[in-house]
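Undergrad:
Numbering (the numbering used here), first residue to last: 119 to 378.
#1: In angstroms with no decimal places, state the Cα-to-Cα distance between residue 137 and residue 306.
#2: Could you pull out every unbroken alpha helix (DSSP H) segment of at least 4 residues lying fully inside the stretch 139 to 224, listed in chain order?
#3: Within its chain, find whatever has a CB closer than 8 Å to the CB of residue 212; leave out the 5 residues flanking it on each side and keep chain order.
#4: What three-state label does DSSP hand residue 360 in the structure shown?
#5: For the putative contact between residue 188 and residue 122, defined by C-beta atoms under 8 Å, what is the C-beta separation to the nearest angstrom?
#6: By the three-class DSSP mapping on this structure, what secondary structure does residue 270 have?
#7: Rounded to whole angstroms, how far is the Cβ of residue 208 from the Cβ of residue 371, which I believe are closer than 8 Å?
#8: Could you compute how far the alpha carbon of residue 348 sits from the alpha carbon of residue 327?
#9: Which class does residue 340 belong to by DSSP, given the choice of helix, strand or coil?
#10: List the endpoints of the continuous beta strand (DSSP E) containing residue 262.
#11: Leaving out the 5 sequence neighbours to the left and right, which residues in its chain are closer than 8 Å to residue 310 when beta-carbon positions are compared?
#12: I need the boundaries of the beta strand (DSSP E) containing residue 366, first residue and last residue.
#13: From which residue to which residue does the beta strand (DSSP E) around residue 326 run?
#14: Am I right that residue 246 and residue 283 are in contact with their C-beta atoms under 8 Å? What's the rounded C-beta distance?
#15: Comparing C-alpha positions only, which one of 214, 146, 252 and 277 sits nearest to residue 259?
#16: Run through DSSP, which three-state label would residue 315 get?
#17: In the DSSP assignment, what are the bridge partners of residue 246?
#18: Reducing DSSP to helix, strand and coil, say where residue 345 ends up.
#19: Tell me the residue span of the beta strand (DSSP E) that contains residue 237.
#20: Tell me whether the beta-carbon of residue 210 lies closer than 8 Å to the beta-carbon of residue 149.
#21: Touch check for the stretch 311 to 321 and the stretch 271 to 286: three-plus C-beta pairs under 8 Å?
#22: Taking contact to mean 3 or more Cβ pairs, one atom from each stretch, closer than 8 Å, check whether the stretch 155 to 172 and the stretch 194 to 203 are in contact.
#23: What's the gap between the Cα of residue 325 and the Cα of residue 356?
#24: Have a look at 378, 242 and 181 and flag the residue whose alpha-carbon is nearest the alpha-carbon of residue 350.
#25: Are the beta-carbon atoms of residue 300 and residue 287 separated by less than 8 Å?
#26: Note the first and the last residue of the continuous beta strand (DSSP E) segment covering residue 306.
#27: Does DSSP put residue 254 in a helix, a strand or coil?
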């Protein structure tokens, strides 16, 4: 397997002991689904990355579109011509501790093959539990895919301890935010809802796409909303998962597959 490190094709990682992503979680990443050897929903990933770089005050010296071209090139080098996954990691390439000496960016790209060349909805709904021990704060930092994933890790450990598949995160107002790795949608009285970005969820690329093609109301959701909902499903760049089974998730998957 080949990788891309700052535009160079390499066989293994070249991360130093003082790498700021390792030391401080000072960076972000993009997870991408690949169909027919190309990044799905590429424009949404590019737009989100641009906003995230601004929030973190990171300075990428080349056009964002060029970096995503390099993702496509790496897919070709690794013979990913059908279904697959790609991951782009970016971090502040700088000396200094909490006060970095510069804001320049270094990046790492990796990819892998997948047996599915379209979105698949799993047959069995997953089991969810609420994670109450720590809250996710509502801020612009909460909307990006930060390299610091401690909250998600602790929530996932909690889910494992409760013999569940995933956990629901809450914000400081006790509103539903998301799961440990996906945006949450629910159907109540035949209407589709999802938490607004102001409540702290990740600005998911598949979430953005669903908002374009379906009538969705963005509003704060409570535990009660979840309990009385008719359907619940999760979305991330990898696809859609049922929590409470219904017809809307199937409609979403059909629409997404029509865009491949």
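Backbone N, C-alpha and C fix where the C-beta goes; we use that ideal spot for every residue, glycine too.
TA: According to the data block:
#1: If you take the alpha carbons of residue 137 and residue 306, they lie about 46 Å apart.
#2: Runs found: 160 to 173 and 182 to 195.
#3: Correct list, in chain order: 138, 218, 219, 220, 221 and 222.
#4: Residue 360 falls in the strand class under three-state DSSP.
#5: Indeed, because the Cβ distance is near 5 Å, the residues count as touching under 8 Å.
#6: Residue 270 falls in the helix class under three-state DSSP.
#7: Contact flag wrong, Cβ pair sits at about 30 Å.
#8: So the alpha carbons of these two residues sit roughly 22 Å apart.
#9: Assigned with DSSP and collapsed to three states, residue 340 falls in coil, not helix or strand.
#10: Residue 262 -> no beta strand (DSSP E), and no H or E assigned at all.
#11: The residues are 303, 304, 332, 333, 334, 335 and 366.
#12: Taken as a continuous stretch (DSSP letters only), residue 366 belongs to no beta strand (DSSP E), being part of the alpha helix (DSSP H) at 366 to 376.
#13: Taken as a continuous stretch (DSSP letters only), residue 326 belongs to no beta strand (DSSP E), being part of the alpha helix (DSSP H) at 323 to 331.
#14: About 7 Å separates the two Cβ atoms, so the contact holds.
#15: Ranking 214, 146, 252 and 277 by Cα distance to residue 259 puts 146 first.
#16: Here residue 315 sits in helix by DSSP.
#17: BP columns for residue 246 point to 284.
#18: Reduced to three states, the DSSP call for residue 345 is helix.
#19: Premise fails: residue 237 is in no beta strand (DSSP E) and is neither H nor E.
#20: No; because the gap between Cβ atoms is not below 8 Å, this pair is not in contact.
#21: Too few Cβ pairs lie closer than 8 Å, so no.
#22: Touching, per the Cβ criterion.
#23: Counting only the Cα atoms, residue 356 lies some 12 Å from residue 325.
#24: Out of 378, 242 and 181, the CA that lies nearest to the CA of residue 350 is found in 242.
#25: With contacts defined by Cβ atoms closer than 8 Å, residue 300 and residue 287 do not form a contacting pair.
#26: In the DSSP annotation of this structure, the continuous segment of the beta strand (DSSP E) that includes residue 306 starts and ends at 301 to 306.
#27: Coil at residue 254, not helix or strand.
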